[in-house]
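Chains as they are written, first to last, in my numbering: chain A, 1 to 337; chain B, 338 to 674.
C-beta: ideal position from N, C-alpha, C; glycine also.
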């Protein structure tokens, strides 16, 4: 795969232009484009421009309504429920985290939920959004069933991405993980290369663990990270998302055959309002400093979640954001349609 | 190991009598005894009476001060920070979850944190406490460093137990998990029997995954559940516990060489106050019903977290709580000292 390096603003403008041609307003197209481009800017290429055409396809098929915006279902002080109305997933999530940030500035802690929303693309964006506003942010989404529950032989639970973000002057800690040990995208790449995964990735026909990506993909039995523990935790996040939003659980999302109408939760803690600022930075710094003293099995040092993001962002702002040449061509063709 | 079956009340009274002889007040001794006995009642024998003598030893060594009660550090509406004052861990946690329950009834959502507290023994107790009050409860604690961070070759992060509990008329969903794939206790039992663990349990001298409990115990390199994902998530829970309480992070807990002065977080959501009751039961029921339709690799059905607790509790209330004969003798000797 050959890459081209596109200046961030140019990439964002390109995406925005395409979105405008789909009848999305100037401002919303700009923000949506920014969120797609930010994923690539931060080195999360699996969830950025790579997904843009899939997203456009969802719009064309009527699975995402680009003109719909969230409407309030209930507003009870620090807790708000919103209907995503089947609108654009990353814009809805951006809106919800923004509400959560505002509410946490007022109440200290806040929780905003979304029902009937769509895939938020790169979840980490919303963690960065929280920490850039000085807040601790926690958010999670359910998904279509794509893993077996522990002991099961068919996909029954989602891999339900979870983001936890903690602000820090020297650079935040941002965890962005799904509960599948490996993404199907990564397994497909390994399969195409004829490679095995480095660790157990799912189940074979007999229910034994296997590192063979082809087997896992064929069986659609990706491994819950942490085996029974990740299976249980992912299931609980799904139930929380469904109960707190009043929206679909994973199994209901799965009924349509498309990953639409998912449920999401956004929690914020404002350290100022909660009077945590005296020690916030000191404590996070100290944990990271200690972590960095760890002896290793060969790596230069162990890493904390989100550690490399600011470095990658800086490099990509300077040199341009790496985009596969074929995708860049496709974007240009899309614009010239 | 031969078991005796002790009526729950008799077990609780026995523990209470022993605690009274350590200068603990009647009421606090009763509640502390209840919490220890409840773990065994619910079938969580690893964290009940099995730990009672270790707990008494901590009191004798002055590592737990049985007379100290939590004092408020800050009370900001739905968010409260308390100093556990090195008191009894399960009583402090019981107190904190109770505060969180009360605050959630008032505000909808609440967060209570503890610094300078001690091991809460069975975390699931506090999840059950929340659901029995009709609340969604989430709590987590940090621990002494007992796992390597991903890539590391020495213990640097805690296995930081996490509890998520969701109320339900037909029986709640209660997840109670630590982020180590296997507890050291389970690995010791397998080692004594000359058995391998059923799944990867930690690292060998070269940093490769191994199922051999002896190797893992020797290296003190238990596996984070979910590999790099569980390592990251457990680290984030530690940072959250430390930042939200203002107390020790795992690495600071580790400095003393004893697992004391840990930090804990207790979150509650009151479904009544948050107006979630119209669908709470329906949604949780539906998820569980769907889960139960899963095909399996031989098991009768897949299970949800907490599924067996009510059954075990019922059996043990009827037949008596299974306690190892040697521990029961030790309890009697302790009382007759």
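Contact between residue 83 (chain A) and residue 31 (chain A) is ruled out by a C-beta separation of about 19 angstroms, above the 8 angstroms threshold. Residue 650 (chain B) places its beta carbon less than 7 angstroms from that of residue 378 (chain B). The beta strand (DSSP E) runs of length 3 or more contained entirely in the segment 441-524 of chain B are, from start to end of the chain, 446-454, 473-478, 492-494, 499-503, 510-514.
A Cβ of chain B is located within less than 7 angstroms of the beta carbon of residue 302 (chain A). Taken atom to atom, the span from the alpha-carbon of residue 88 (chain A) to that of residue 458 (chain B) is near 45 angstroms. Relative to residue 540 (chain B), the option among B:525, B:533, B:530, B:560 whose CA is nearest is B:560.
In the three-state DSSP reduction, residue 80 (chain A) falls in the strand class (E or B). The beta-carbon distance between residue 605 (chain B) and residue 461 (chain B), rounded to whole angstroms, is 16 angstroms. This is too long to meet the 8 angstroms contact definition. Annotated three-state conformation of residue 88 (chain A) is coil, per DSSP. Counting only the Cα atoms, residue 495 (chain B) lies some 16 angstroms from residue 289 (chain A).
For residue 305 (chain A), the chain B residues whose Cβ falls inside 8 angstroms of its Cβ are 569, 572, 573, in order along the chain. In this structure residue 524 (chain B) is not in contact with residue 514 (chain B), their Cβ atoms being roughly 16 angstroms apart against a cut-off of 8 angstroms. Between residue 467 (chain B) and the set B:504, B:586, B:456, the nearest pair of CA atoms involves B:504. Looking only at B:363, B:387, B:353, the smallest Cα-Cα distance to residue 371 (chain B) is reached by B:353. Contact check between the segment 607-619 of chain B and the segment 482-502 of chain B: fewer than three CB pairs, one atom from each, fall below 8 angstroms, which does not count as touching. Counting only residues of its own chain and dropping the five nearest sequence neighbours on each side, residue 64 (chain A) has a CB closer than 8 angstroms to the CB of 55, 58, 86, 87, 88, 89, 118, 260.
Remark: three or more beta-carbon pairs, one from each stretch, lie closer than 8 angstroms, so the segment 71-82 of chain A and the segment 432-450 of chain B are flagged as touching.
For the options B:482, B:344, B:383, B:465, the alpha carbon positioned closest to that of residue 590 (chain B) is the one of B:482. For residue 170 (chain A), not one C-beta of chain B is nearer than 7 angstroms to its own C-beta. Partner residues in a beta bridge of residue 277 (chain A), as assigned by DSSP, do not exist.
Here the alpha carbons of residue 18 (chain A) and residue 502 (chain B) stand approximately 45 angstroms from one another. When C-alpha distances from residue 328 (chain A) are compared across A:50, A:26, A:98, the shortest belongs to A:50.
Residues of chain B with a Cβ closer than 8 angstroms to the Cβ of residue 286 (chain A) are, in chain order, 586, 588, 589.
Shortest Cα-Cα distance from residue 244 (chain A) to any of A:128, A:73, A:43 involves A:73. Membership of residue 587 (chain B) in the alpha helix (DSSP H) is indicated by the continuous run 587-592.
Close CB contacts of residue 578 (chain B) within its chain, under the 7 angstroms cut and outside five residues either way in sequence, are with 477, 478, 479, 600, 601, 602 (chain order).
When A:273, A:295, A:299, A:246 are compared, the shortest CA-CA separation from residue 612 (chain B) is found for A:246. Spatial neighbours of residue 586 (chain B) in its own chain (CB-CB distance under 8 angstroms, excluding positions within 5 residues in sequence) are listed in chain order as 479, 575, 576, 578, 579, 600.
Per DSSP, residue 326 (chain A) lies in no beta strand (DSSP E) segment; the continuous alpha helix (DSSP H) that holds it begins and ends at 325-335. Taking C-beta atoms as the reference points, residue 548 (chain B) and residue 537 (chain B) count as a pair closer than 7 angstroms. Residue 575 (chain B) carries a helical assignment under DSSP once its states are collapsed to helix, strand and coil. With respect to the C-alpha of residue 441 (chain B), the residue from B:453, B:544, B:471 having the closest C-alpha is B:471. In chain order, 22, 24, 59, 88 place their CB closer than 6 angstroms to the CB of residue 66 (chain A), counting only its own chain and leaving out the 5 sequence neighbours on each side. The contact set of residue 229 (chain A) on chain B, defined by CB atoms closer than 8 angstroms, consists of 514, 516, 518, 562, 563, 567 in chain order.
About 35 angstroms separates the CB atoms of residue 102 (chain A) and residue 319 (chain A); that is not less than 8 angstroms, and the two are not in contact. The Cβ-Cβ distance between residue 115 (chain A) and residue 96 (chain A) does not fall below 7 angstroms.
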